[in-house]
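> Line by line, the protein sequences are chains A and B.
Throughout the first sequence, residue numbering follows the working numbering, covering 175 to 554 in sequence.
Throughout the second sequence, residue numbering follows the working numbering, covering 16 to 247 in sequence.
Here it is, the structure in full.
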Amino acid sequence: MSQARTERKPLHAQLRAERGAFLLDVSLELPGTGVSALFGPSGCGKTTVLRALAGLYRATGRVALGGVVWQDDARGQWTPTHQRALGYVIQEAALFPHLNVLANLQYGLRRAAAAAQQGALQNGLDEVIELLGIAPLLARRPATLSGGERQRVAIARALSTRPQLLLMDEPLAALDAGRKAELLPYLTRLQRSQDIPIVYVSHSLDEVVQLADHLVLMDAGKVLASGPLAQTLARVDLPLALGDQAGVVLQAVVAESDATWHLLRLDVAGAVLPLWVRDAGQTMGQAVRLRVLARDVSLATAPQPGSSIGNQWPGTLEAVADDGHASSVLVRVRVGADGPVGKTLGVAVLARLTRRSFQHLRLGIGQAVWAQVKTVALLD
Amino acid sequence: MSPMSPSDWSAVFLTAQLAATSTLVLLLIGTPLAWWLARTRSPLKPLAAAVVTLPLVLPPTVLGFYLLLLMGPHGPVGAATQALGLGRLPFTFGGLVVASVLASLPFVVQPLLQAFEAIPEQTLEAAATLRAGPLDRFFSVVLPLARPGFLTATVLGFAHTVGEFGVVLMIGGNIEGSTRVLSVALYDHVEAADFAAAHRLAAGMVVFAVVVVAVMYAVNRRPRDTDTEAKA
Chain A
175 MSQARTERKP
185 LHAQLRAERG
195 AFLLDVSLEL
205 PGTGVSALFG
215 PSGCGKTTVL
225 RALAGLYRAT
235 GRVALGGVVW
245 QDDARGQWTP
255 THQRALGYVI
265 QEAALFPHLN
275 VLANLQYGLR
285 RAAAAAQQGA
295 LQNGLDEVIE
305 LLGIAPLLAR
315 RPATLSGGER
325 QRVAIARALS
335 TRPQLLLMDE
345 PLAALDAGRK
355 AELLPYLTRL
365 QRSQDIPIVY
375 VSHSLDEVVQ
385 LADHLVLMDA
395 GKVLASGPLA
405 QTLARVDLPL
415 ALGDQAGVVL
425 QAVVAESDAT
435 WHLLRLDVAG
445 AVLPLWVRDA
455 GQTMGQAVRL
465 RVLARDVSLA
475 TAPQPGSSIG
485 NQWPGTLEAV
495 ADDGHASSVL
505 VRVRVGADGP
515 VGKTLGVAVL
525 ARLTRRSFQH
535 LRLGIGQAVW
545 AQVKTVALLD
Chain B
16 MSPMSPSDWS
26 AVFLTAQLAA
36 TSTLVLLLIG
46 TPLAWWLART
56 RSPLKPLAAA
66 VVTLPLVLPP
76 TVLGFYLLLL
86 MGPHGPVGAA
96 TQALGLGRLP
106 FTFGGLVVAS
116 VLASLPFVVQ
126 PLLQAFEAIP
136 EQTLEAAATL
146 RAGPLDRFFS
156 VVLPLARPGF
166 LTATVLGFAH
176 TVGEFGVVLM
186 IGGNIEGSTR
196 VLSVALYDHV
206 EAADFAAAHR
216 LAAGMVVFAV
226 VVVAVMYAVN
236 RRPRDTDTEA
246 KA
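Following this line, the structure appears as structure tokens:
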């Protein structure tokens, strides 16, 4: 995670555009580091926002990265795309078909720096080539590459100019599930190695929870919510929470391996919340991101020794909201807030209950409950 | 076979000169025109496309007739060229170039337009995000990708100018050394029933056409072998 990194060059954007009945009106303040995901259904305007940030689409408003203003209509200022220090990756890769991979990578490098400074960029490019594992491809033509290889080259090419901002528009959307799985680890590595802000457009919540640090939720040309990923996902009042995919993302550390039962103990929020999961070969001390879906969490008013669910966390019911269906409610429980590691405020998990259970258990805000976590998904 | 007469050689050279000049002018005019047509969303686009295509369907003699009127002493173009001290265009080599360019325009613009339209907008946008300005993008991405289109446009423009007859006759007449091109000379020989001389010109044209088409197909089929970008 990148929260420890120093904040720098935040991205500011105030954009407005009208296209027929569609109205885009967004105001964004994105952190100067880590991955900010623009997430929302198709047609919600997230790609338009990204194109406007790049200067490929002209919305009205203001765009600034750190102190550098790229667009300010109030002052009649506009920097064309080729003068913005950004990298851009799209779904279709858009490599230059007449150039081999190496020449594709050098295209931007040559233009981004005078001959004297190209050495430094070349070193950076060599690192990126290594990071993305494309060294064996350098002499190949784009037409001979697989979809995943093409996308890795496109990412390296976008980084070749050593940009101050990386914009990615659904870089995985054109790939089948296998290729996606092949590319995701590279993106995770990229997210950790680059200390520039990355804006990542996606309509897949799976990708977002795996990669993002900051989440911008969009719908119909508007920003519904913008904030740190874990915090935003734990809100019960967002349409995002109303789907089957409602759930939270937690940070944990691999703390113990149990050879007898092939289980791993993960410590969530310090050592306060132990969580036993299937041992998938993670190394001791490794930081992992995990996703706990609301539908996989149930509540009890007392610990359940007779339950097959081994992961039971004490906590406090914090919020409750209507769910997508009249039969169920979505509740937020703060767990691990009063454990031995005194300073921690714990973490929030969401649970989906039937309205009937909620009544029968006489649940209410502020009440002590036990959250039973059936399954979690390890994201990395 | 007896050798060609000096007058026929003069027609050959004149034709080559006319075709080369016209092709050059056509590429200079046709490239920006085709680029504009390929990328514009202007409401004028269909009209412009229709005007460019018109010479394809208009009888050459009709085109030549109106050009003659326009460029003549009482036409607006003629008045302008005279006012500029350029003299009158009809029955001069310059007049032939102007007429040939108009008559051959669709043969140059169409292949260029198709080549330009085949270049995805995203490829150009990628170049822009890699610090390439508009002119740079044109020379480093559009030109290499549209290369087959340029070759086809050049060959068609040249060949069509070589073969033009109706417009040339209307606008240029039949003046040896300045407007009597191959097709007109050939017509003269046939009129004079000098079939041997006509054969020499006609067979030469056939050989020329076959060679040109063969070369064009061979070059366009060969994949581009330079992988690296030419150093600026």
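Even glycine gets a Cβ: it sits at the ideal position worked out from N, Cα and C.
#1: If the cut is a Cβ gap below 8 Å, which residues of chain B does residue 281 of chain A touch?
#2: Just checking my contact of residue 384 of chain A with residue 239 of chain A at CB under 8 Å: how many whole Å lie between their CB atoms?
#3: So the candidates are A:324, A:537 and A:335; which of them puts its Cα closest to the Cα of residue 298 of chain A?
#4: Residue range of the beta strand (DSSP E) that residue 528 of chain A falls in?
#5: Residue 187 of chain A and residue 267 of chain A: beta carbons closer than 7 Å?
#6: Is residue 119 of chain B close to chain A, meaning its C-beta is less than 7 Å from at least one C-beta of that chain?
#7: Where do the N-terminal and C-terminal ends of the alpha helix (DSSP H) with residue 296 of chain A fall, by residue?
#8: With a Cβ-Cβ cutoff of 7 Å, do residue 360 of chain A and residue 295 of chain A count as a contact?
#9: For residue 211 of chain B, count the other beta carbons within 10 Å of its own beta carbon; 16 or more makes it buried, fewer makes it exposed. Which is it?
#10: Please confirm if residue 234 of chain B has its CB atom under 7 Å from at least one CB of chain A.
#11: Which one of A:496, A:388 and A:552 has the shortest CA to CA distance from residue 466 of chain A?
#12: Could you name the residues of chain A that residue 138 of chain B contacts, counting a contact when the two beta carbons are closer than 9 Å?
#13: Anything in chain B within Cβ reach of residue 285 of chain A, meaning under 8 Å, just list it in chain order.
#14: State the beta-bridge partners of residue 245 of chain A as determined by DSSP.
#15: Could you list the residues in the segment 245-261 of chain A with a C-beta less than 7 Å from some C-beta on chain B, going in chain order?
#16: Name the two residues that bound the continuous beta strand (DSSP E) containing residue 461 of chain A.
#17: What distance in whole Å lies between the Cβ atoms of residue 214 of chain A and residue 403 of chain A, which are believed to be in contact at a cut-off of 8 Å?
#18: Starting from residue 135 of chain B, find everything on chain A with Cβ-Cβ shorter than 9 Å and list it in chain order.
#19: Kindly indicate the opening and closing residues of the beta strand (DSSP E) around residue 156 of chain B.
#20: Kindly identify the DSSP beta-bridge partner or partners of residue 574 of chain A.
#21: I'd like to know whether the C-beta atoms of residue 71 of chain B and residue 185 of chain B end up nearer to each other than 7 Å.
#22: Taking residue 345 of chain A and residue 265 of chain A to be in contact with their CB atoms under 8 Å, please state how far apart those CB atoms are, rounded to whole angstroms.
#23: Please name the residue or residues paired with residue 506 of chain A in a DSSP beta bridge.
#24: DSSP has residue 251 of chain B in a bridge; who is on the other side?
#25: Can you give me the Cβ contacts of residue 34 of chain B inside the same chain, cut-off strictly under 6 Å, excluding the 5 residues immediately before and after it?
#26: Classify residue 514 of chain A as helix, strand or coil using the three-state DSSP reduction.
#27: At a cut of 8 Å, does the segment 354-370 of chain A reach the segment 527-534 of chain A through at least three beta carbon pairs?
#28: Measuring only the C-alpha atoms, how far is residue 417 of chain A from residue 498 of chain A?
#29: Where does residue 100 of chain B sit, in a helix, a strand or coil, going by DSSP?
#30: Return helix, strand or coil for residue 270 of chain A, following the three-state DSSP convention.
#31: So residue 440 of chain A and residue 426 of chain A are supposed to be a Cβ contact under 8 Å. How far apart are they, rounded?
#32: In terms of alpha-carbon separation, which member of A:228, A:248, A:242 and A:224 lies closest to residue 234 of chain A?
#33: Can at least three beta-carbon pairs, one atom from the segment 490-497 of chain A and one from the segment 446-457 of chain A, be found at a separation below 8 Å?
#34: By alpha-carbon positions, which one of A:373, A:326 and A:320 ends up nearest to residue 203 of chain A?
#35: Report back the beta-carbon spacing between residue 200 of chain B and residue 23 of chain B to the nearest angstrom; my notes put them in contact at under 8 Å.
#36: By alpha-carbon positions, which one of A:505, A:504 and A:522 ends up nearest to residue 511 of chain A?
The answer reads as follows:
#1: 142, 145, 147, 155 and 244
#2: 25 Å between Cβ atoms; not a contact.
#3: Per the Cα distances, A:335.
#4: 521-528
#5: no
#6: no
#7: Here the alpha helix (DSSP H) through residue 296 of chain A covers 292-306.
#8: Not a contact, by the Cβ cut-off of 7 Å.
#9: exposed
#10: no
#11: A:552
#12: 268, 269, 270 and 271
#13: 145, 146, 147 and 151
#14: A:237 and A:252
#15: 255, 256, 260 and 261
#16: 461-467
#17: The Cβ separation is near 15 Å, so there is no contact.
#18: 266 and 268
#19: Counting along the chain, residue 156 of chain B falls outside any beta strand (DSSP E), and DSSP gives it neither H nor E.
#20: Outside the displayed range of chain A (175 to 554) lies residue 574 of chain A, so it cannot be described from this structure.
#21: no
#22: 7 Å
#23: A:493 and A:524
#24: In the structure as shown, chain B starts at 16 and stops at 247, and residue 251 of chain B therefore has no counterpart that could be examined.
#25: 173, 176 and 177
#26: Unreliable positioning characterises residue 514 of chain A in this predicted model, as indicated by a pLDDT of 44, which lies under 50. A coordinate reading is not provided.
#27: no
#28: 7 Å
#29: coil
#30: coil
#31: 4 Å
#32: Per the Cα distances, A:248.
#33: no
#34: A:373
#35: About 6 Å; that satisfies the 8 Å criterion.
#36: A:522
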